[in-house]
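To keep things clear, I will list the structure first and then write my remarks on it.
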Amino acid sequence: MAKGHLARRATGWILTLLLVYIVFICALGLMQKHFVYFPDPARFVPSEWALKELEPLDAKTEDGLTITSWYSPAKKRDKFTILFFQGNAGHLGYRNYKVRPWLDAGYGVLMVGYRGFGNPGSPSEEGLYDDGRAAIEALNKLGVPDKAMVFYGESLGTGVAAQMATEYAAAALILESPYTSVPDVGADRYPMVPVHFLLRDHFDSLSKIKDVHMPLLLMHGEIDQVVPVKFGHQLFDAANEPKQAVFFPDAGHNDVYNLQAQQVILNFLSGLPTDPLLQDNAGTKGNNSETK
Numbered sequence: 021m022a023k024g025h026l027a028r029r030a031t032g033w034i035l036t037l038l039l040v041y042i043v044f045i046c047a048l049g050l051m052q053k054h055f056v057y058f059p060d061p062a063r064f065v066p067s068e069w070a071l072k073e074l075e076p077l078d079a080k081t082e083d084g085l086t087i088t089s090w091y092s093p094a095k096k097r098d099k100f101t102i103l104f105f106q107g108n109a110g111h112l113g114y115r116n117y118k119v120r121p122w123l124d125a126g127y128g129v130l131m132v133g134y135r136g137f138g139n140p141g142s143p144s145e146e147g148l149y150d151d152g153r154a155a156i157e158a159l160n161k162l163g164v165p166d167k168a169m170v171f172y173g174e175s176l177g178t179g180v181a182a183q184m185a186t187e188y189a190a191a192a193l194i195l196e197s198p199y200t201s202v203p204d205v206g207a208d209r210y211p212m213v214p215v216h217f218l219l220r221d222h223f224d225s226l227s228k229i230k231d232v233h234m235p236l237l238l239m240h241g242e243i244d245q246v247v248p249v250k251f252g253h254q255l256f257d258a259a260n261e262p263k264q265a266v267f268f269p270d271a272g273h274n275d276v277y278n279l280q281a282q283q284v285i286l287n288f289l290s291g292l293p294t295d296p297l298l299q300d301n302a303g304t305k306g307n308n309s310e311t312k
């Protein structure tokens with residue numbers, strides 16, 4: 021009798037734990053956007069973040085949203101325009117220190133705005149791709165061709181930059197702290213959760229990198245605890261030549277962009293082949309240019 025009672029109690033505990041686990045997994049599935057995106061919804065202007073050279077540039081997405089990015093044209097015709105795709109938190113102003121060396125060196129900069137990050141709408145994988153396309157096409161309308169652009173992705177933004185690199189013939193792709201896919205990173209951190217099954221937004225850069233045919237610079241911190249460096253190695257190994265990787269031994273996720281990284285980036289940019297007619301014009305500066 022005692023053994024039967026204990027068996028029933030054990031079965032009850034197992035069923036209770038299983039039910040709790042199922043409820044937990046369902047809650048994660050319903051709230052997954054809150055675990056992927058951490059936007060600051062407030063609207064800011066570049067001058068509030070010591071980026072007086074940049075001005076708002078509006079572009080209309082395919083699904084009808086007007087997304088504001090921050091833009092400054094290249095100072096010379098043989099200088100590229102760097103499109104910066106930010107990570108999953110905050111807003112563009114928090115990255116002012118990253119674009120400052122590029123502005124000072126005369127490069128054009130477009131800090132690409134995302135829906136939900138000080139812009140209307142809610143972030144999603146396909147939505148961020150639409151935002152990137154709209155920004156690129158807005159630059160095209162200002163006379164900046166694809167071949168005059170360099171795509172730069174940071175953390176989550178590396179997935180957006182990689183997707184754009186499969187669609188547009190830019191001059192180069194730079195990836196800072198990249199991953200193979202978002203579910204890969206999630207599963208590595210939470211092995212007891214069926215992350216690949218739950219997540220709707222995959223940003224599967226590993227499957228796309230084989231379709232990227234432009235010079236690649238990849239940077240990753242060796243002690244990155246957010247996106248472990250093994251994912252950067254896997255992505256780099258799968259990428260086409262020409263490619264260059266720099267793995268910083270003392271850097272984590274948020275401090276990989278240091279003075280040494282700045283010089284690596286500038287050296288990489290200066291080594292790219294240029295054309296005296298890279299840009300039909302300097303990318304006339306102006307507000308509220310839209311692409312349909």
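In my numbering, the protein residues as written are 21 to 312.
Heads up, the beta-carbon is just placed ideally off N, CA and C, and yes, glycines get one too.
Proximity of the region 219-234 to the region 271-284 falls short of the contact definition, fewer than three beta-carbon pairs being nearer than 8 Å.
DSSP, reduced to helix, strand and coil, places Met184 within a helical segment of the structure shown. Assigned with DSSP and collapsed to three states, Leu237 falls in strand.
Using a Cβ distance threshold of 8 Å, Glu73 and Ser92 count as a contacting pair. In this structure, Val170 sits near Leu289, with a CB-CB distance shorter than 8 Å. With fewer than 16 other beta carbons inside 10 angstroms of its own, Pro293 counts as exposed.
Apart from sequence neighbours up to five positions away, the residues of its chain that approach Gln183 with a beta-carbon distance below 6 Å are Tyr149, ordered along the chain. Within the same chain, Asn108 and Pro143 come within 6 Å of Tyr57 by CB-CB distance, once the 5 residues on both sides are set aside. Between Gly241 and Ser175 the beta-carbon gap is near 11 Å, outside 8 Å, which marks them as no contact.
The alpha carbon of Ala94 has as its nearest neighbour, out of Thr186, Gly163 and Val247, the alpha carbon of Gly163. Separation of Ser227 and Gly291 (C-alpha to C-alpha, rounded to the nearest whole angstrom) is 28 Å. Short of 8 Å from the beta carbon of Lys167, and not among the five residues preceding or following it, lie these beta carbons of its own chain, in chain order: Ala189, Ala190, Ala191, Asp295 and Leu298.
Taken atom to atom, the span from the alpha-carbon of Gln280 to that of Leu195 is near 15 Å.
The alpha-carbon separation between Phe100 and Tyr127 amounts to approximately 6 Å.
Membership of Phe104 in the beta strand (DSSP E) is indicated by the continuous run Thr101 to Phe105. Distance from the CA of Leu85 to the CA of Lys250, rounded to the nearest whole angstrom, comes to 37 Å. Under the 10 Å beta carbon count, His111 is surrounded by 16 or more other beta carbons and is classified as buried. Leu103 is a Cβ neighbour of Ala155, given a cutoff of 8 Å. Per DSSP, the beta bridge partners of Asp78 are Thr88. For Glu196, the pairing in a beta bridge is given by DSSP as Glu174 and Met239.
Sequence-distant partners of Gly133 (beyond 5 residues in either direction) whose C-beta falls short of 6 Å from its own C-beta, in its chain, are Ile87, Thr88, Ser89 and Asn139. Counted as a single uninterrupted DSSP element, the beta strand (DSSP E) harbouring Gly128 occupies residues Gly128 to Met131. Taking Val65 as the centre and dropping the five residues before and after it, the same chain places the C-beta of Pro76 closer than 8 Å to its C-beta, in chain order. Measuring C-alpha to C-alpha distances from Met239 to each of Gln282, Glu157 and Gly206 identifies Gln282 as the nearest.
A direct Cα-Cα distance of roughly 31 Å separates Ala185 from Pro211. Judged by DSSP in its simplified three-state form, Ala109 adopts strand. By the criterion of a C-beta distance shorter than 6 Å, Tyr172 is surrounded in its chain by Ile102, Phe104 and Ile194, once the five residues flanking it on both sides are discounted. When the alpha-carbon of Asn260 is set against those of Pro235, Pro248 and Gly252, the nearest one is in Pro235.
Excluding the 5 residues flanking it on each side, Phe137 has same chain C-beta neighbours closer than 6 Å at Pro59 and His111, in chain order.
Of Gly177, Arg115 and Pro61, the smallest CA-CA separation from His222 is found for Gly177.
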